[in-house]
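Data block below; observations after.
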């Protein structure tokens, strides 16, 4: 059952608004969504309309209205236990924060969006669009690897829901990757990516599926071809001309930017560099569409073609400096975040000195070791039958080594959510320490415990670790021990950990399911 199947009012209007936005007709969608918000009494319909309205505002570039729209959508979504809505809202809020220049808030919303969308139990076409918008936010922030992982997740979910492959081709994501390479001096790398984008369009044209491409995708394909030509590369002649492609994109602010800059590229490619420079003197484009460095880099290319190499060199240095400033801003966000976590950890340790009875793990929100021990003591004292399971992560050291401890924390939080999601009513889950989690299964035997282990292993295996920590797969090894009422707590835990260690060693030597 999809998300809209659970909405009771004005479903046709909400569905039509989605179709309008997919067709780059966001102004019409906005009017329709405002009408739904004014007339519905259904909390789910109202929340959905407000999330969609935020999407329309972002597409239209109405930056001044972002903050109010996010606040109203957050209030409408807050009390609805629907991870899709929370995930899509945070993905859109990340896009809005990026357009407003608030990179710290953007990163925060990215993390929340990925967690919520990953927790959707029955992904449908709306979930696919949520992953699409998350991919766009990653891309605008220059997290290109994460963007590609998220758009692949959107594509896979879309195919399952009957959405054609070309809908989530996302040429804009690879286009931003290409121009970022060029801004940092890697023009050859830029051309390789642009050629790949062109090859995709050629494949869709030959298959007769170009007509199903979204207008925003057509505009991105057009700009990619124009940019390739501006760099002096031969552009494939099969399919629509770049000049025609960049006219697509509907009423979105991004499409307007691509049209203006695309005309600059085409002027350079056609041997009219002075006209290109003149156009650059008059265009007004958002720094967020292709980065603040893009106009300066195009000016450098045009001036080089015009023979003014000194001015071209100055423009190139400006482009490189603007790209470096962006990277510095991103670095500052992480440095500030790390400093905040250090402060938080010091405060936590200080509080622990005075509050030795703290029972919750601050990172995952799960019960901690002290609360676990109290729980098991109570169960054993009552003489209840119970099974203890120890879950130990595989690949966690590589995550910390390759991606840093911040990513390691995200993995631990994701694992905590995965385990919680598949447990049965009445089971108990705690973080024991490090990358070890303990599950307690009351009134359970080893046969049932083995089924719980299979569910946990399958859920962890199905998580999209590639988009969170690229190149470092994460797994889990689980060992169980049955505890009787007469067993001591220390012995029970010791047996469980010994068994988990043995299972972990076995897991490292047997093939993993892909």
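Numbering (full-length UniProt numbering), first residue to last: 1 to 514.
The C-beta atom is built at its ideal place from N, Cα and C for all residues, glycine as well.
- Given a length threshold of 3 residues, the segment 126-207 has no whole run of the beta strand (DSSP E) inside it.
- Per DSSP, residue 240 lies in no alpha helix (DSSP H) segment and is marked neither H nor E.
- If only complete runs of 4 or more residues are kept, the segment 352-402 shows the alpha helix (DSSP H) at 369-382, in order along the chain.
- Residue 166 has its alpha-carbon roughly 11 Å from the corresponding atom of residue 205.
- Residue pairing of residue 437 in beta bridges, as defined by DSSP: 391, 431.
- Within a 10 Å sphere around the beta-carbon of residue 52 sit 16 or more other beta-carbons, which makes this residue buried.
- Collapsing the DSSP output to three states places residue 277 in a helix.
- Of the residues assessed, residue 498 falls on the exposed side of the cut-off, its CB having fewer than 16 other CB atoms within 10 angstroms.
- Per DSSP, residue 246 is not a residue of any alpha helix (DSSP H), being assigned neither H nor E.
- Judged by DSSP in its simplified three-state form, residue 463 adopts coil rather than helix or strand.
- Residue 475 sits in a strand when the DSSP states are folded into three classes.
- Sequence-distant partners of residue 229 (beyond 5 residues in either direction) whose C-beta falls short of 6 Å from its own C-beta, in its chain, are 235, 269.
- Two segments are said to touch when three or more pairs of C-beta atoms, one from each, lie closer than 8 Å; by this definition the segment 180-188 does not touch the segment 150-169.
- Between residue 14 and residue 48, the gap from beta carbon to beta carbon is short of 7 Å.
- Residue 442 carries a strand assignment under DSSP once its states are collapsed to helix, strand and coil.
- With three or more CB-CB distances shorter than 8 Å, the segment 106-122 counts as touching the segment 134-151.
- Cβ-Cβ separation between residue 455 and residue 422: approximately 4 Å, consistent with a contact (criterion under 8 Å).
- DSSP places residue 50 inside the alpha helix (DSSP H), whose first and last residues are 43-60.
- One Cα belongs to residue 36, the other to residue 312, and the distance between them is close to 52 Å.
- Going by beta carbons, residue 194 and residue 178 fall inside the 7 Å limit.
- For residue 480, the pairing in a beta bridge is given by DSSP as 389.
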